[in-house]
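Here the structure comes first, spelled out in structure tokens, and everything after it is commentary.
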Amino acid sequence: MHKLFAAAAPALLVLAVSAAAQVKHNSRAPVDFGADVIELQDKQNRAVLSGNVSLRQAEMTLTAARMTVFYTGQVLGGKPQVSRFDASGGVVVKRPDQTARSNYAIYDLNRRVITMLGNVTLTQGGNTVNGGRLTLNLDTGRAVIDGSSVAGGASSGTGGAVTRAPSGRVTGTFSVPDRN
């Protein structure tokens, strides 16, 4: 029985985390942002935001100490086409009834996926899941946490290596309904 539970545990965790994930996010909604400082680096097709960075799209907010905005160089309808946001430093993603925290995050607008790396915590209600990496598909609402982590020296925009965390484990607490 113990071996059966151990084999089923990863699948149960994905199901439990997926159930905790929110419904489909409007990833085509405009993105509003704010920061203490913005540095435009047009030749590199990016902008660097620093100091109390906040990004809002529909009902989702992302806050961090620093964020690099990558754009394609194409301009459609007078608007530069943003492809990705890389955030670092106390990253927090909030959606209705759900909060995720990490050291780093990448929001790939083309794939509509947020990947959070390093000391990840996902909370919803009384449920908490901790791990090294969270992948959140905004179209499906599916969230997957694993024990991978960011290798030392990675920073926003550098594409730091992802390695196996020493423990390589996902931990958490799920609330149990009162069954009186």
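Throughout the sequence shown, residue numbering follows mature numbering (1 follows the signal peptide of the UniProt record, and there is no 0), covering -21 to -1, 1 to 159 in sequence.
All residues carry an ideal CB built from backbone N, CA and C; glycine is no exception.
For clarity, every value in this text was computed on a predicted model and none was experimentally measured.
Point to revise | Backbone secondary structure at residue 21 - three-state DSSP | key: Residue 21 falls in the helix class under three-state DSSP.
**Study point:** Segments of 3+ residues assigned as beta strand (DSSP E) that fall wholly inside the segment 33 to 72
**Key:** 39 to 55
Review point. So who's on the other strand from residue 112, going by DSSP bridges?
Key: 96 and 125
Review point. Is residue 137 helix, strand or coil when you go by DSSP?
Key: Low confidence applies to residue 137: its pLDDT is 39, below 50, so where it sits in the model is not reliable enough to give any reading.
**Study point:** Three or more C-beta pairs below 8 Å linking the segment 103 to 116 and the segment 51 to 69
**Key:** Taking 8 Å as the limit for Cβ pairs, the verdict is that the segment 51 to 69 does not touch the segment 103 to 116.
Point to revise | For residue 12 and residue 33, believed in contact at Cβ under 8 Å, the rounded distance | key: Their Cβ separation, rounded to whole angstroms, is 7 Å, which keeps residue 33 and residue 12 in contact under 8 Å.
Check your understanding: Would a C-beta distance cut-off of 8 Å place residue 68 and residue 35 closer than the cut-off?
Key -> no
Exercise for review: Assign residue 151 to one of three DSSP states: helix, strand, or coil.
Suggested key: strand
Check your understanding: I think residue 72 touches residue 84, with their Cβ atoms under 8 Å apart; what is that distance to the nearest whole Å?
Key -> Contact flag correct, Cβ pair sits at about 7 Å.
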